[in-house]
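Trainee: The structure follows.
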Amino acid sequence: MKRAFDQPDEANLVRQLRQDGAAKIEHVAVEGEHIVGHVMLSAMESPPRSLGLAPLSVAPEREGEGIGGMLVRAGVSAARRQGWQAIFCLGEPDYYEKFGFTAEAAAPYPSDYSGPHFLMGWFGKKPAIAPADYAPAFSGISV
Numbered sequence: 000m001k002r003a004f005d006q007p008d009e010a011n012l013v014r015q016l017r018q019d020g021a022a023k024i025e026h027v028a029v030e031g032e033h034i035v036g037h038v039m040l041s042a043m044e045s046p047p048r049s050l051g052l053a054p055l056s057v058a059p060e061r062e063g064e065g066i067g068g069m070l071v072r073a074g075v076s077a078a079r080r081q082g083w084q085a086i087f088c089l090g091e092p093d094y095y096e097k098f099g100f101t102a103e104a105a106a107p108y109p110s111d112y113s114g115p116h117f118l119m120g121w122f123g124k125k126p127a128i129a130p131a132d133y134a135p136a137f138s139g140i141s142v
């Protein structure tokens with residue numbers, strides 16, 4: 000993960016989310032003895048029954064091979080099976096729209112991250128409009 004981001008922030012975020020009990024879904028892509036990708040979805044403070052998808056990381060030498068997409072699809076599928084209502088993420092719209100995330104869906108939910116890169120996907124009934132607040136561990140991460 001540190002190699003994918005060139006800084007320790009995301010690895011520290013994962014550690015803190017696990018420690019706080021906020022990490023709800025986590026998938027790792029492994030090839031042989033090497034981790035080549037990772038995704039975590041953590042419980043949002045608000046709205047209820049919502050997850051934040053972050054971080055998503057892929058080994059730099061493996062980018063463009065579909066590993067990230069496989070991890071996102073696995074996370075979304077697990078969230079649906081577990082009964083979560085929505086997933087928020089901050090990222091490139093052209094990438095995440097392939098998985099059902101849109102800025103239009105996220106727009107009604109006030110957030111420090113509001114804008115064209117703040118996205119949401121939902122399953123069935125949309126969550127009630129409320130501030131989109133990530134787990135406290137995100138407060139130390141700069142975007």
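Here the sequence shown stands for residues 0 to 142, numbered as in numbering that gives the first Met the number 0. Heads up, the beta-carbon is just placed ideally off N, CA and C, and yes, glycines get one too.
#1: Helix, strand or coil, according to DSSP, for residue 86 in the structure here?
#2: Starting from residue 34, trace the beta strand (DSSP E) in both directions and tell me its first and last residue.
#3: Looking only at its chain, what residues have a beta carbon closer than 8 Å to the beta carbon of residue 91, apart from the 5 residues adjacent to it on each side?
#4: I need the straight-line Cα distance from residue 32 to residue 127, nearest angstrom please.
#5: Could you tell me if residue 15 is buried or exposed, where buried requires 16 or more neighbouring beta carbons within 10 angstroms of its beta carbon?
#6: So, under 8 Å CB-CB, residue 67 and residue 36 are touching, yes? Tell me the CB distance rounded to an integer number of Å.
#7: Per DSSP, residue 51 is paired with what?
Mentor: Straight from the coordinates:
#1: If you number the sequence shown from 1, residue 86 lands on position 87. Residue 86: strand per DSSP, three-state reduction.
#2: One-based indexing of the sequence shown puts residue 34 at position 35. Element bounds for residue 34: 33-42.
#3: Counting from 1 along the sequence shown, the entry for residue 91 is found at position 92. If we look at residue 91 and ignore the five residues flanking it on each side, its Cβ neighbours are 116.
#4: Here residue 32 refers to the residue found at position 33 when the sequence shown is read from its first residue. Here residue 127 refers to the residue found at position 128 when the sequence shown is read from its first residue. Each residue's alpha carbon lies about 43 Å from the other.
#5: Sequence index remark: in the sequence shown, residue 15 carries index 16 (1-based). By the 10 Å Cβ count, residue 15 comes out buried.
#6: Position 68 of the sequence shown, counting from 1, holds the residue named residue 67. Position 37 of the sequence shown, counting from 1, holds the residue named residue 36. Sure, about 6 Å apart at Cβ, within 8 Å.
#7: Within the sequence shown, numbered from 1, the residue matching residue 51 stands at position 52. Residue pairing by DSSP puts residue 51 in a beta bridge opposite 41, 87.
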